[in-house]
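Remarks on the structure that follows.
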Amino acid sequence: MWHANNAGEYDNDGYHLRGKVTTNAQGFYSIETIKPGKYLNGAQYRPSHIHFKITPPNFPTVTTQLYFAGDTSIEQDAAASITTGPYDATHRIIELTDDGTGVLEGTWDIAVSGEGIVGSSDIHLDKGIIYAANPNPFTKELAINFGVFQASEVSLLVFDMQGREVATLERQHRTPEKYNATWIPDAKLPNGYYFIALKINAIQVHYLKVKFERQASPYGQ
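So that you can map any letter, position 98 of the sequence shown is 163 in the working numbering, and since no number is skipped, the others follow by simple counting.
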């Protein structure tokens, strides 16, 4: 992936604001960077965007771009404004939300079919979804709200950034309904980012990223 700096300029000599990420065993990935600036393309500014080259194992590379909701330059942009056909940008325009500290966060799911075709995933729409995980960040316990849309074997699991399962919150047969779960991290679990993953009949259909920040003891160690 690569993108411009906040002035809309690319580093064409080195590797500033360029990087390569491999997903973990669960298919999770995460990047932390700045929001790219805009630059003139003829008479119009291109919307803020991040370039991606996505390479599924043993399949050709797909090159695409990610945009951000609310960008006033999207409507006039020749690429970002396409809403039909193979270059439809609709699912490549994501919402950004402030985490309360001025950091913007967004989620973009990349789905790869058995034929190596890359697209955006709506698999959760008819199977199940995690509605919310609050508070986020959290210090002691996390309340999770999720829904099951068909009678299924349901698992609600927690993974670390390396794809290791660190907690099982749910593993049983469920009927269509809304459910709640609570995660109280193990005392030895380190601070950091974790993924809450919902599996329906062993298929991972949805996930949310959360941040665990254990409160320091006022008395020290």
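Here a beta-carbon is modelled for each residue, glycine too, at the ideal position from N, C-alpha and C.
Just so it is clear, the structure is predicted and the values come from calculations on it, not from any experiment.
My output table needs one value for residue i: the three-state DSSP class, helix, strand or coil.
i, result
"residue 114", "coil"
"residue 271", "strand"
"residue 155", "helix"
"residue 76", "coil"
"residue 191", "helix"
"residue 161", "coil"
Across which residues does DSSP place residue i in a beta bridge pair?
i, result
"residue 248", "207"
"residue 86", "None; residue 86 has no bridge partner."
"residue 236", "220"
"residue 128", "118"
"residue 139", "Bridge partners of residue 139: none, in fact."
"residue 175", "According to DSSP, which records beta bridges pairwise, residue 175 is partnered with nothing at all."
"residue 166", "The partner list for residue 166 (beta bridge, DSSP) is empty, contrary to what the question assumes."
Express the C-alpha separation of residue j and residue i in angstroms, rounding to a whole number.
i, j, result
"residue 204", "residue 125", "43 Å"
"residue 268", "residue 114", "31 Å"
"residue 207", "residue 272", "14 Å"
"residue 173", "residue 247", "25 Å"
"residue 97", "residue 259", "15 Å"
"residue 198", "residue 143", "37 Å"
"residue 43", "residue 261", "Residue 43 cannot be examined here, being either before or after the span of the chain that is shown, 66 to 286."
"residue 255", "residue 209", "20 Å"
"residue 176", "residue 94", "12 Å"
"residue 286", "residue 277", "With a pLDDT of 47 at residue 286, under the threshold of 50, the modelled position of this residue cannot be trusted; read the value that follows with caution. Their backbone Cα atoms lie some 19 Å apart in a straight line."
"residue 180", "residue 279", "43 Å"
"residue 83", "residue 90", "23 Å"
"residue 163", "residue 148", "27 Å"
"residue 121", "residue 194", "25 Å"
Only counting the same chain, and skipping five residues up and downstream in sequence, which positions put a Cβ closer than 6 Å to that of residue i?
i, result
"residue 73", "102, 103, 104"
"residue 145", "112, 132, 139, 154"
"residue 290", "Residue coverage of the chain in this structure runs from 66 to 286, which leaves residue 290 outside it and unanswerable."
In chain order, what residues of the same chain have a beta carbon less than 8 Å from the beta carbon of residue i, not counting five sequence neighbours either side?
i, result
"residue 71", "99, 100, 101, 102"
"residue 230", "222, 223, 224"
"residue 232", "222, 223, 248, 250, 251"
For the segment 232-243 and the segment 216-224, state whether three or more C-beta atom pairs, one from each stretch, are separated by less than 8 Å. yes
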